[in-house]
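With my numbering as the guide, the letters of the sequence shown map in order to residues 303 to 361.
Here a beta-carbon is modelled for each residue, glycine too, at the ideal position from N, C-alpha and C.
Here the structure is laid out as C-alpha cells; the discussion comes afterwards.
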Amino acid sequence: MDGVKCPNCGKRTSWENNPFRPFCSEKCKLADLSRWLNEEYAVAVEESSLEEDEANSGS
Ligand SMILES: [Zn+2]
Numbered sequence: 303m304d305g306v307k308c309p310n311c312g313k314r315t316s317w318e319n320n321p322f323r324p325f326c327s328e329k330c331k332l333a334d335l336s337r338w339l340n341e342e343y344a345v346a347v348e349e350s351s352l353e354e355d356e357a358n359s360g361s
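Structure follows, in C-alpha cells:
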C-alpha cells in the first residue's frame with residue numbers, strides 16, 4: 303500500500319488520486335507553499351544584494 307507523509311502536518315495520506323500530493327489536503331499544500339515562498343523570497347533578497355552583477359546582467 304502506497305502512502306506518503308504530508309510534509310506540512312505529517313499526516314499519512316495516499317499518493318494516488320490525491321491532487322494535493324504529497325500533501326494531505328489543499329490547505330496543507332497552500333500552507334507549505336506560502337511558507338516556502340516566504341523563505342525563498344527572504345533568501346533571494348539577501349542574495350541579490352550579494353550577487354547584484356549576475357542578477358542584473360540579464361535585464
Ligand atoms: Zn497535511
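Closest residue to residue i among the options (Cα-Cα distance)
i    : options                : result
C330 : D304, K313, E342, W317 : K313
N310 : N320, S327, E341, N319 : S327
P324 : L332, V306, A344, W338 : V306
Check: residue i C-beta below 7 Å from any heavy atom of ligand 1
i    : result
N320 : no
D327 : Reading off the sequence shown, one finds Ser at residue 327, where the question assumed Asp. Checking every heavy atom of ligand 1 against the Cβ of S327, one is found closer than 7 Å.
N310 : yes
Through-space distance from residue j to residue i, alpha-carbon basis
i    : j    : result
S336 : S316 : 22 Å
E318 : E348 : 39 Å
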